[in-house]
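A.B. asks: Before I ask anything, let me first share the structure, which is written out below as structure tokens.
Below, the structure is given as structure tokens:
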């Protein structure tokens with residue numbers, strides 16, 4: 442994990458494709474949730490299905506792996522996320538091949 446303040450300038454300046462930002466949106470009463478992944482340069486959005494009402498770390502990790510398995514490897518460089526509990530399994534999610542920032 443890398444702190445967001447330490448990320449490379451090409452990520453901050455949005456000059457290189459493949460850097461993603463993610464978040465979890467909770468529904469009314471925390472009965473549903475959806476993950477969002479936004480590519481920083483193109484603003485392309487991927488919605489991550491979370492099958493459980495309250496997002497567990499395992500459900501979110503599985504959803505992210507499924508969602509980001511589609512883009513080519515060169516389009517999967519970094520993932521920036523807040524420090525929510527739903528990404529407690531970020532090391533399993535990134536598989537070591539990504540730079541994960543919080």
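Residue numbers (my numbering): 442 to 543.
Ideal Cβ placement from N, Cα and C applies to all residues, glycine included.
Run the CB neighbour count on residue 501, radius 10 Å, all protein chains shown included, and call it buried at 16 or more, exposed below.
C.D. replies: Classification for residue 501: buried.
A.B. asks: Around the Cβ of residue 496, are there at least 16 other Cβ atoms within 10 angstroms (buried) or fewer (exposed)?
C.D. replies: Buried is the call here.
A.B. asks: Taking the C-alpha atoms as reference points, what is the distance between residue 543 and residue 444?
C.D. replies: Unreliable placement is indicated for residue 543, whose pLDDT of 44 sits below 50; the coordinate value is still reported in the next sentence. Approximately 5 Å between the Cα atoms of the pair.
A.B. asks: What span of residues does the alpha helix (DSSP H) with residue 501 cover, start to end?
C.D. replies: Here the alpha helix (DSSP H) through residue 501 covers 498-508.
A.B. asks: In terms of residue numbering, what span does the alpha helix (DSSP H) encompassing residue 457 cover?
C.D. replies: Segment: none, residue 457 is in no alpha helix (DSSP H) and carries neither H nor E.
A.B. asks: Which residues in the same chain have their Cβ closer than 6 Å to the Cβ of residue 509, if we skip the five residues on either side of it in sequence?
C.D. replies: Excluding sequence neighbours, residue 509 sits near 517.
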